[in-house]
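Read the structure below first, then the notes.
Pasting the structure below:
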C-alpha cells in the first residue's frame, strides 16, 4: 500500500524536476517534439525559453538534438506539422538544413523536405523566410534517385501546390534544374 502512495508523489517530484531549468535535456525535448498534443507544444516553447535564460545551457546543442535514428527536433516538429514548434526551434537556432542520416536506409530528408512532403504550408513558409534555410538541398528518393523539396511538392500534386509556389518564389529548383546548371561539373 505504501508503494501506491509513494509512486504518485515520486511522479509529481519527477515532473517538477523535468520542468525546471536544471533538468531540461535532450530526451525530454525529443518526447515533446514527437508528441502532437497542444500541451506538448506549450511545454516545448516554455522549455526553450527556460533553456535560453539558463546561462549554463548550450542552447544550440540542445535544439539540435537527434533521435537514435538521426532525426532532429526540427524533423519531428515537421513530421507532425506543428508550425509553432517549427518557429520556436528555428528561432532558437535549430539547423534547418540538417539531414537525417544515421540509418543506412535513410533518405537524408531535411525538415523542409518533410514539410513539403506532408503539404504543411505554414511550416514551408517559415523555412523559406528563414535566412539559414537552403531551399535546394538534394535528398535521396526511395528508388535511389535524388530530388529537392520542390520536386517533392510538385510530386504530391494539388496538395503541394501552395508549397511549390512558396518554394519557387524563394528560388527553389528541381533536381533536374540543378543538374542543368552544373552540367559538366562533378560536384553532384
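In mature numbering (1 follows the signal peptide of the UniProt record, and there is no 0), the protein residues as written are -20 to -1, 1 to 168. We treat Cβ as the ideally placed atom computed from N, Cα and C, and that holds for glycine.
Notebook entry, point to check: Start and end of the alpha helix (DSSP H) containing residue 20?
Noted result: 18 to 33
Check: Where DSSP assigns a beta bridge to residue 46, which residues make up the other side?
Finding: 52
Next item on the list: Using the Cα positions of residue 95 and residue 12, report the straight-line distance between them to the nearest angstrom.
Entry: 18 Å
Next item on the list: Would you give the residue range spanned by the alpha helix (DSSP H) that residue 141 belongs to?
Entry: 141 to 149
Notebook entry, point to check: What's the C-alpha gap between residue 58 and residue 88?
Noted result: 14 Å
Next item on the list: Could you have a look at residue 117 and say whether DSSP puts it in helix, strand or coil?
Entry: coil
Check: Do you know how far the Cα of residue 43 is from the Cα of residue 139?
Finding: 30 Å
Item checked: Sequence-distant residues of the same chain with beta carbon closer than 6 Å to residue 63, five excluded per side -> 102, 103
Notebook entry, point to check: Alpha carbon to alpha carbon, what distance is there between residue 160 and residue 25?
Noted result: 42 Å
Next item on the list: Rounded to whole angstroms, what's the CA-CA distance from residue 40 to residue 15? Just pull it up for me.
Entry: 21 Å
Check: Is it right to say residue 110 is buried, meaning 16 or more other beta carbons lie within 10 angstroms of its own, or is it exposed?
Finding: buried
Note to self: I'd like to check one pair, residue 4 with residue 27: are the Cβ atoms closer than 7 Å?
What the structure shows: yes
Margin query: Per DSSP, what are the beta-bridge partners of residue 126 in this structure?
Written below: 120
Note to self: Less than 7 Å between C-beta atoms, sequence neighbours within five positions excluded: which residues of the same chain meet that for residue 152?
What the structure shows: 115, 116, 128, 129, 130
Check: With a CB to CB cut of under 8 Å and the five nearest residues on each side skipped, what residues in its chain are close to residue 45?
Finding: 6, 9, 10, 52, 53
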